[in-house]
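Only one structure is covered here, and it is reproduced in the block below.
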Amino acid sequence: MTLSTSRQQFLAHETHTVDEDIEYDRKGGVFISHCVCCSLVVLAIVIAALVGIIVYFITCHKLTQKPEEYWNEQPDYQELVASGVRLPSEVVPSFYRLKIKADLDTLNFTGDVYITIRASRKVKEIILHSKYLSIGPNPKVTEQIYEKVETLHRRAKRDVEKTSTSPTLENKPETQTANTTPPPPSISTKMSIDSSNTTATIVNSTTSSTTQNVSNASMRSSNTSVFIDKLANITESQGNADNISNRRANWETQVTTSSVRNIKIVSILEASGDRLILTLASALKPNVDYILEMSFQGNISNSMTGFYKSTYKNEKQEERTIAATQFEPTSARRAFPCFDEPAFKAQFEISIAHKQNLTVLSNMKVSTQELIADQPGWQWTHFDRSVKMSTYLVAYVMCDFVSIATSYVSKDNIIKPVKVWVRPELLQKARYALTITPKLLEYYEDLFGVPYALDKIDLIGIPDFSSGAMENWGLITFREPFFLVDEGTSTVRERMQVGIAAAHELAHQWFGNLVTMRWWTDLWLNEGFATYIEFVGFDHVEPGLHILEQFTRYKMDLLRPDSLRSTQAVSRAVTDAADIAQKFNELSYQKGANLIRMLNHTISETLFQKGLVHYLNEWKYTNAEENDLWEAMSNVTKTDPELKDRSIVTFMNSWTRQAGYPVVNVLRNYEAGDAQFEQRLFTVSSEPYERMVKQIWQLPISYTSVGMPGNWSTKPKLWLTEREITAKIDVASDQALYVNVGAIGYYRVNYDQKNWQMLSEALKNGQVKSAITRAQLIDDAFNLAKASLLSYSEALSLTTYAIEGEDSKAVWDTILTNMGFLKTNLASTAGYTRFQDYVRLLISKQLAKLKYGLEKPRDDNEALLVEGLVSWDCEMESPRCRDWATHEFNIWMNTGGTGNPIPAHLRLIVYDTALRYGGRREFEFVLSRFYNTTDPSGKERLIASLPSVRDEALINTLLEKSLSEIPKQYAGAVWSTAPPFAAQVARKFLQKNFYRVYNTFTGIDEFMFRAILDGSFDTVNTQEDLDQLRAFARLHAAELKPMSQSVARLVDTAALRVRWFNNHAETINQWLDNYLTNFTKSPKDTTTSSTPSPTTSTRITTPSNSTDITTTAPLAEITISTT
């Protein structure tokens, strides 16, 4: 049976001989009546129906029950090995000599790999990874034995004379070249290798050479070394020849010999989990070096994982092809056979054969280059040997790019070069990345107390790249919009995107590369830490952008999905191969980052930094688990009298190993001057898991009085480590108590009614000076209301102060994000126009203050604020905004797209609005500009706006193009359709064309199909659509298993929306109606309105092409419409 180059396939063939002379006749049997026959048919139908019902409920149960598995015991390592999820730990690599020849014309590659391995006990199997590779016919395992032989110099000299005709031995097995290796044939499932066990003991040409046959084997060349002690300083001038001869005769010397033995490979088997199992005739001996030698070949893929091709068009519209790697999490095995788990760290020495017109980059510096004599136009590029690192960090790129360079002096006083690489026409846009990289490296070296480990660093923008960037050690790869900044046309947001991406990947050079997680369970430790430090680092480089405020805002956004029933613990065990890719989610990144920040503020920045230095120095070049970090922190907190008795391990485990987070209910006793603090699971689920409900966290509680002047401290004043405590608080009874200062703690806070009232008054009176505190109070209130722990009247009333103006982007982002949830769920109710009126009223004064974005912003923060408010003005279908946007778009369209007069920070808003109210003409113009522009950021804006179109035929056209014409890295963006209509069209398209869509996007990488699911189902808010989602999940359960957590989240979110609508829609519509009615009657109001009539929460359906009729408002006014 021939083994395929992808997955193991088993085909059974049987030969049946049929005698043509056989005749069949009816001779006996069982006869039944028609009545009995009908009864049996009915019975079969009933049984089938029962089976279907059972399967339905089992599937549905599993869909929602799986997250609870977190609380099960950690899986046994051997069970994971047996199931193919993990490799056995008995055989480990220490060094890879990797040689690859890649041809961009034929899009294939061949290679040879020599892996130095060692066993910890006797084993007869070597198990490693290989995927989509054809392995050559003659893999070899060679035993390496080093032996010191006591001898005499004269004996050695005589042996040298006798063996002066010994053959010259090659010092390195890698002197064979990849291009001389013939294309290997396919390997059978069990392939017999005719290779005998062989041993040869060899010393170099200055000593004796003896040969010992084992199993009638022949001599084999190997590395050889000789060490002769005590003679290095002896020269003929030290005495006469006789004395020297006598002294040499009496001195003992040591000769170290190298022995080699071929280990016969009995069979090779491809098994589940991408495993390649080599069965040996004799067992590997413990603590002995062996070399596993394999040749292989594969294809440079069209996906964006493994070793893949990427294309771009230059200024002459000529298509150019490059090749790059993306190995995280488990794709190094697609490029070469390897032990593809983080714990199997090794050194790598890489050589790549390529055409001379290409540049090749890898993790390390180029050591040498040499022409390939028998292949004109080809050369080898050899790279220095690397430090110890995991396979997922290996990288190489073949391209025709150009670079600009700088350098910095590292902490160990070494000048280290920094280069950024990009396609030639984009070179000037790479200067920002080049400017900030040395600053970040210098800052991180000071912060971590450890110099950057390598002697160079390259950063490169890849035209086709799935994620934002990848931290390959010494060769960081980026998606181009996350790497390039045009100083003239890029927005502040785009500059922040580049800066944060660079800061994140550079932080990984220490956290993730220098110290690596042992297994994917602790991925959050890599990503969470890098996410936190990216904001700290970028704030150091660009302090004026107040990026740490944005970090807190992201935390508020994260608390929403983390309150669903399907949420996970950040340190949840990886027990299945499908779980690995699912670990790359907002919990690993954002929640992990916020938990680390909470630790920093809890123990102090000084102790936190000391703990980091201790941790990195103890575990550098090795693998660690989360408790290793907590232990390092515990070692430094022992010197603090307030922390010396507190276990950092226990404290942090209560957050990393439990799902969700708590709400702290604060009930004040105003007369006694104390308060009861109670922790409960915060959840928006009507049926949370019982074990989640019982969870107890170790909570650091900080608090202050809103009216207290000066800087507020985030240091905890008390600890809540049980269900509830009562404590004295130093806050006056007439002052509002504010808990969780700076929103540092990963929890929400609910207060008694009187304290909420005082907080609301403080907001309206301008007493809450901190923008983050204002945002935090509003966000907590809205989400407590969502969970029915607070009334929406109280939450909405907190926002009314902003009608008079609010200058903070963080606060507006919080208000409008929470309004976005209401918008999605109220859009099909009769009261939606009142919601639009309220939002327009809310932002109108601040918009007028900002001149509606028609003037150049004063600074970066104002530009970001203008962008957000103008976008919502258009979302609320403001006639002013609609007219302005369509006017700006038409001016641009009339130029033929040659020059874009729209301010860069407003372009996406203009595109969205023009497409929403436009038709085929606008759609085709934007699509044409997308295809023709070479600017990566411009492409991102254009493709992101296209799903705003409201025409069903155009939406279907766009979705169809995502499967064929649109470049793969942009294709997922077109599925971010606007609810409710466009999202419904996307759902229908996906259900009708599931396998085409699934195969297209899962073929790109392991993550992109999740974006398709989100774009199609993330705004489901009716019972009918929820039932369709559940049916869709059951129908395609097998295909959706690798993204089961995403599906469970979508189901939970949809169920929340349905339940929310029934519980809250009418109340909110009534509040909006009452508030707007009273507002129009207020003497200070300057707007006009007819008397509004009551609204209801009845859903209404409007045609897809309908247009709301709204009275045009003057620039400085807002009209309150009636319903």
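Residue numbering for the sequence shown follows my numbering, starting at 827 and increasing by one per position. C-beta: ideal position from N, C-alpha, C; glycine also.
Point to revise | Minimum length 3: unbroken beta strand (DSSP E) runs contained in the region 1507-1544 | key: Within the region 1507-1544, the complete beta strand (DSSP E) segments of 3 residues or longer fall at 1525-1527 and 1529-1531, listed in chain order.
Review point. In terms of alpha-carbon separation, which member of L1589, Y1577 and Q1896 lies closest to L1616?
Key: On the sequence shown, position 790 is the one that residue 1616 refers to. Closest by alpha carbon: Y1577.
Check your understanding: Exposed or buried, R1836, counting other C-beta atoms within 10 Å across all chains shown (16 or more means buried)?
Key -> Numbered from 1 along the sequence shown, position 1010 holds the residue referred to as residue 1836. Buried.
Check your understanding: Which value, in whole angstroms, describes the spacing of the CA atoms of S992 and V967?
Key -> For the purposes of this step, residue 992 is identified with residue 166 of the sequence shown, where counting begins at 1. For the purposes of this step, residue 967 is identified with residue 141 of the sequence shown, where counting begins at 1. Low confidence applies here, because S992 scores a pLDDT of 36, under 50, leaving its location unreliable; read the following figure in that light. Each residue's Cα considered, the two are about 25 Å apart.
Review point. Measuring CA to CA, which of D1210, S1157, T1156 and A1150 is closest to E1175?
Key: As a working note, residue 1175 is residue 349 in the sequence shown. Checking every option, the nearest Cα to that of E1175 belongs to D1210.
Check your understanding: With a CB to CB cut of under 7 Å and the five nearest residues on each side skipped, what residues in its chain are close to L1455?
Key -> On the sequence shown, position 629 is the one that residue 1455 refers to. Listed in chain order, the non-local C-beta contacts of L1455 below 7 Å within the same chain comprise L1351 and Y1441, local neighbours out to five positions each way being set aside.
Exercise for review: On the DSSP bridge assignment, give the partners of R1776 in chain order.
Suggested key: The sequence position of residue 1776 within the sequence shown is 950, counting from 1. Paired residues: none, contrary to the question.
Review point. Quick one: any contact between the region 1373-1391 and the region 1524-1533, if contact means 3 or more CB pairs under 8 Å?
Key: No, the region 1373-1391 does not touch the region 1524-1533.
**Study point:** Q1123 burial status per 10 Å Cβ neighbour count (16 or more: buried)
**Key:** For this step, residue 1123 is matched to residue 297 along the sequence shown. By the neighbour-count rule (16 or more Cβ atoms within 10 Å), Q1123 is buried.
Exercise for review: Write down every uninterrupted run of the alpha helix (DSSP H) in the region 1699-1772 whose length is 4 residues or greater and which is fully enclosed by it, in chain order.
Suggested key: 1705-1720, 1733-1743, 1746-1758 and 1762-1771
Exercise for review: Could you tell me the distance, in whole angstroms, from the CA atom of R1494 to the CA atom of A1553?
Suggested key: Along the sequence shown, one-based indexing puts residue 1494 at 668. Along the sequence shown, one-based indexing puts residue 1553 at 727. Going by the C-alpha atoms only, they are around 10 Å apart.
Review point. Mind checking whether E1196 and Q1205 have CB atoms under 9 Å apart?
Key: In the sequence shown, the residue the question calls residue 1196 occupies position 370. In the sequence shown, the residue the question calls residue 1205 occupies position 379. Yes, the Cβ-Cβ distance between E1196 and Q1205 is below 9 Å.
Practice item. Measure the beta-carbon distance from G1499 to S1414 and round it to whole angstroms, keeping in mind my assumption that it falls under 8 Å. Key: Along the sequence shown, read from residue 1 onward, the residue named residue 1499 stands at position 673. Along the sequence shown, read from residue 1 onward, the residue named residue 1414 stands at position 588. Actually they do not touch by this definition, with Cβ atoms about 42 Å apart.
Review point. What residue ranges within the region 1385-1449 form continuous alpha helix (DSSP H) runs of no fewer than 4 residues, ordered along the chain?
Key: 1403-1408, 1418-1429 and 1431-1445
Review point. Can you name, in chain order, every residue of its own chain whose Cβ lies under 7 Å from the Cβ of P1514, other than the five neighbours on each side?
Key: As a working mapping, residue 1514 is identified with position 688 in the sequence shown. These residues qualify, in order along the chain: R1391 and L1507.
Check your understanding: Using the C-alpha atoms, what's the distance from V1752 back to E1451?
Key -> As a working note, residue 1451 is residue 625 in the sequence shown. As a working note, residue 1752 is residue 926 in the sequence shown. E1451 and V1752: Cα-Cα distance of roughly 49 Å.
Check your understanding: Relative to the alpha-carbon of Q1561, which residue among K1612, S1774, E1497 and A1601 has its alpha-carbon at the smallest distance?
Key -> The residue labelled residue 1561 in the question sits at position 735 within the sequence shown. Comparing Cα-Cα distances from Q1561 to each of K1612, S1774, E1497 and A1601, the minimum goes to E1497.
**Study point:** Spatial distance of H1427 from T1625 (CA atoms)
**Key:** Walking along the sequence shown from the start, residue 1427 turns up at place 601. Walking along the sequence shown from the start, residue 1625 turns up at place 799. Distance between the alpha carbons of H1427 and T1625 is about 29 Å.
Check your understanding: Going by C-alpha distance, which of T1826, T1828 and Q1810 is nearest E1850?
Key -> The sequence position of residue 1850 within the sequence shown is 1024, counting from 1. Checked all of T1826, T1828 and Q1810; the closest Cα to E1850 is Q1810.
Check your understanding: Hey, I1117 and I941: beta-carbon distance below 9 Å or not?
Key -> Taking the first residue of the sequence shown as position 1, residue 1117 is located at position 291. Taking the first residue of the sequence shown as position 1, residue 941 is located at position 115. Going by C-beta atoms, I1117 is nearer than 9 Å to I941.
Check your understanding: In terms of DSSP beta bridges, what is P963 paired with?
Key -> To locate residue 963, count along the sequence shown from 1; it is residue 137. The partner list for P963 (beta bridge, DSSP) is empty, contrary to what the question assumes.
**Study point:** Beta-carbon contacts of A1067 that lie in its chain and below 6 Å, excluding the five residues immediately before and after
**Key:** Within the sequence shown, numbered from 1, the residue matching residue 1067 stands at position 241. Here the model assigns A1067 a pLDDT of 42, short of 50, so the residue's position is not dependable, and the following value carries that caveat. Counting only Cβ-Cβ distances below 6 Å, and skipping sequence neighbours, we find nothing.
Point to revise | Buried or exposed by the 16-neighbour rule on C-beta atoms within 10 Å, applied to T1465 | key: Your numbering for residue 1465 matches position 639 in the sequence shown. Exposed: under 16 other Cβ atoms inside 10 Å.
Review point. For V1223, is the classification buried or exposed, using 16 other Cβ atoms within 10 angstroms of its Cβ as the cut-off for buried?
Key: Working through the sequence shown from its first residue, we reach residue 1223 at position 397. When all chains shown are included, V1223 counts as buried.
Review point. Which class does G1314 belong to by DSSP, given the choice of helix, strand or coil?
Key: Position 488 of the sequence shown, counted from the first residue, corresponds to residue 1314. In the structure shown, G1314 sits in coil (DSSP, three-state: anything other than H, G, I, E or B).
**Study point:** Endpoints, beta strand (DSSP E) assigned at E951
**Key:** Numbered from its first residue, the sequence shown carries residue 951 at position 125. That run of the beta strand (DSSP E) goes V949 to H955.
Exercise for review: Note down, in chain order, each residue of its chain lying with its Cβ closer than 8 Å to the Cβ of S1018, except the 5 sequence neighbours on either side.
Suggested key: Numbered from its first residue, the sequence shown carries residue 1018 at position 192. For S1018, the predicted model reports a pLDDT of 37, less than 50, meaning its position is unreliable and no value from the coordinates is stated.
Exercise for review: State the Cα-Cα distance for the pair T1147 and W1299, rounded to the nearest angstrom.
Suggested key: On the sequence shown, residue 1147 is found 321 positions in, with the first residue counted as 1. On the sequence shown, residue 1299 is found 473 positions in, with the first residue counted as 1. Looking at the two C-alpha atoms, the distance is approximately 24 Å.
Check your understanding: Are the C-beta of P1526 and some C-beta of chain C separated by less than 9 Å?
Key -> Although the question refers to chain C, the structure presented lacks it and comprises just one protein chain.
Exercise for review: Compute the beta-carbon to beta-carbon distance between F1815 and N1782, rounded to the nearest angstrom, for a pair I have assumed lies under 8 Å.
Suggested key: Within the sequence shown, residue 1815 is the residue found at index 989, counting from 1. Within the sequence shown, residue 1782 is the residue found at index 956, counting from 1. Confirmed, Cβ separation roughly 6 Å.
Practice item. Kindly give me the distance between the Cβ atoms of L1310 and S1774, rounded to whole angstroms, as I take these residues to be in contact under 8 Å. Key: Here the question's residue 1310 lines up with position 484 in the sequence shown. Here the question's residue 1774 lines up with position 948 in the sequence shown. Between S1774 and L1310 the Cβ distance is about 25 Å, and since that is not below 8 Å, they are no contact.
Exercise for review: Please work out which residues of its chain come closer than 7 Å, Cβ to Cβ, to Y1743, disregarding the five sequence neighbours upstream and downstream, and give them in chain order.
Suggested key: Mapped onto the sequence shown, residue 1743 falls at position 917. So the list reads R1708 and T1712, once near-sequence residues are dropped.
Review point. Per DSSP, what kind of secondary structure is N911 in: helix, strand or coil?
Key: Working through the sequence shown from its first residue, we reach residue 911 at position 85. Here residue 911 is Val; the residue named in the question, Asn, does not match the sequence. Of the three classes helix, strand and coil, the one that applies to V911 here is coil, per DSSP.
Exercise for review: Could you tell me the boundaries of the beta strand (DSSP E) in which W1204 lies?
Suggested key: The sequence position of residue 1204 within the sequence shown is 378, counting from 1. Looking at the DSSP string, the run of the beta strand (DSSP E) that includes W1204 is W1204 to F1209.
**Study point:** Buried versus exposed call for Q1791 [16 or more other C-beta atoms within 10 Å across all chains shown]
**Key:** Counting from one through the sequence shown, the residue named residue 1791 turns up at place 965. Inspection of the sequence shows that residue 1791 is occupied by Glu rather than by Gln. The residue in question, E1791, is exposed, as its Cβ has fewer than 16 Cβ neighbours within 10 Å.
Check your understanding: Smallest Cα separation from W1346: which of K1255, S1619 and D1402?
Key -> Against the sequence shown, residue 1346 aligns to sequence position 520. Ranking K1255, S1619 and D1402 by Cα distance to W1346 puts D1402 first.
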